[in-house]
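In my numbering, the protein residues as written are 14 to 171.
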């Protein structure tokens, strides 16, 4: 005896089962990728400009890189204690660093400082990177300065 057509349609065919498994796996992979990208979002950025730090509201103690220009007239040195202002033309953040700064560190030049924001809104640097030579500023710093309308091509770029 053969089964009626209605009885045969109750279960899923092999093709339908295979498609359901593939669709389920695709959903799981998409969710996993979204979670990974969300977790790494802050780590993917090479640095934050002062405007980014202010608009995003970076948590105190969260490690970041702060990039921009050292504001003219802002650098105060007392032995190995250094205080300077990093600006992108739209915002300014006071930064402090204890240690020997790179030889190429100077006011009006590009800088990327690694560290974290303090509870007082000041940046505490653990490492300071200065430009490489007379004509180099990191591309990310150039882009941030251009976005703020503060790019000075005579200062040089890569």
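Where is the CB? At the ideal position from N, CA and C, for every residue including glycine.
These numbers come from a predicted model, not from an experiment.
Per DSSP, cross-strand counterpart(s) of residue 128: As a position in the chain shown, residue 128 is number 115, starting the count at 1. In the DSSP output, where bridge partners are listed per residue, residue 128 has 77 and 138.
For residue 97, the residue or residues it bridges with in DSSP: Numbered from 1 along the chain shown, position 84 holds the residue referred to as residue 97. Paired residue(s): 108.
Distance cut-off 7 Å: residue 139 Cβ against heavy atoms of the ligand GTP: Although the ligand GTP was asked about, the structure shown includes no ligands whatsoever.
Residues near residue 108 by beta carbon distance below 8 Å, same chain, minus five either side: Counting from one through the chain shown, the residue named residue 108 turns up at place 95. For residue 108, same chain residues with a beta-carbon under 8 Å away, outside a window of 5 residues either side, are 79, 96, 97, 98, 99, 126, 128, 135, 136, 137 and 138 in chain order.
Selected residue, minimal CA-CA separation from residue 66, among 92, 101, 156 and 36: The count along the chain shown starts at 1 and reaches residue 66 at position 53. Residue 66 has its Cα closest to that of 101, out of 92, 101, 156 and 36.
6 Å CB neighbourhood of residue 81 in its chain, flanking five on each side removed: Numbered from 1 along the chain shown, position 68 holds the residue referred to as residue 81. Here the set comprises 62, 63, 99, 100 and 101.
Exposed unless 16 or more other CB atoms sit within 10 angstroms - verdict on residue 60: Indexing the chain shown from 1 puts residue 60 at position 47. Note on residue 60: 16 or more other CB atoms within 10 angstroms of its CB, so buried under the neighbour-count rule.
Separation of residue 117 from residue 49, as counted between CA atoms: Stepping through the chain shown from its first residue, residue 49 is reached at position 36. Stepping through the chain shown from its first residue, residue 117 is reached at position 104. Spanning the two alpha carbons is a distance of roughly 37 Å.
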